[in-house]
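If you read the sequence shown in the numbering used here, its first letter stands for residue 313, the second for the next number, and so on. Yeah, the Cβ is synthetic: ideal placement off N, Cα and C, and Gly gets one too. Reviewing the structure listed below.
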Amino acid sequence: MYTNPITIRQIPCNHPDFFQLCQELDLFLNKAIGGEHKREKYKKYNHTDTMDYVIIAYDGQHAAGCAALRKYSETEIELKRVFVQESYRGQHIGEQMLTHLIEYAQKAGYQNMLLETGIFLNSSVRLYKHCGFEQIDNYGDYRNMPESLCMGLRLKANR
313 MYTNPITIRQ IPCNHPDFFQ LCQELDLFLN KAIGGEHKRE KYKKYNHTDT
363 MDYVIIAYDG QHAAGCAALR KYSETEIELK RVFVQESYRG QHIGEQMLTH
413 LIEYAQKAGY QNMLLETGIF LNSSVRLYKH CGFEQIDNYG DYRNMPESLC
463 MGLRLKANR
């Protein structure tokens, strides 16, 4: 349980808090799917230095969660690296971060938000559905990855 109001802050993609949370996300995913070797083909899609907009959810000065966006096309933006530390889960922090990113993408004029997740990440899929995402055909390089689940959200333009 967090003790301070959660604040969402934009940070640069090379910020140490983002790097640390991404390492924790990778460890979580390794454990969830049975080892790093099973995630090898996904690593090239998750380089932190390719993210265009990064946020951290802070409990005071403690980085409790992260999420990022990367431009996919002129009209589409991709949700990446969504993670909330275990002790902070179930407290709507993921929802707060997604709401922030959706609002940002709408204001930036994107029409769609895309994401890829694993079919085995039930709590992540529930969060995305709760925020309005629907399953779509696997896109791009995920097209031939049956363990991937792709989702999309039509954004309301705010330009």
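- When DSSP assignments are scanned along the region 368-414, the uninterrupted stretches of beta strand (DSSP E) that are 3 or more residues long and fall wholly within it turn out to be 374-383 and 388-396.
- Taking the CA atoms as reference points, Lys383 sits about 10 Å from Ala417.
- Shown here for Phe331: same chain residues with a beta carbon closer than 8 Å to its own, the five before and five after excluded, namely Thr360 in chain order.
- Taking the Cα of Leu413 as reference, the smallest distance to any Cα among Gly444, Gln335 and Gly430 is reached at Gly444.
- In this chain, the beta strand (DSSP E) harbouring Leu461 covers Ser460 to Arg466.
- The secondary-structure analysis by DSSP pairs Ile318 across a beta bridge with Asp371.
- Three or more beta-carbon pairs separated by less than 8 Å link the region 334-343 to the region 385-395, which places the two stretches in contact.
- Per DSSP, Asn326 lies in no beta strand (DSSP E) and is assigned neither H nor E.
- Cβ neighbours of Ser435 within its own chain (closer than 8 Å, five residues either side excluded): Arg401.
- Comparing alpha carbon positions, the residue from His442, Gln423, Thr429 and Arg455 closest to Met463 is Thr429.
- A straight line joining the alpha-carbon of Gly406 with that of Ile367 spans about 11 Å.
- For Gln447, the pairing in a beta bridge is given by DSSP as Met463.
- Secondary structure note for Asn456: it is in no alpha helix (DSSP H), with a DSSP letter that is neither H nor E.
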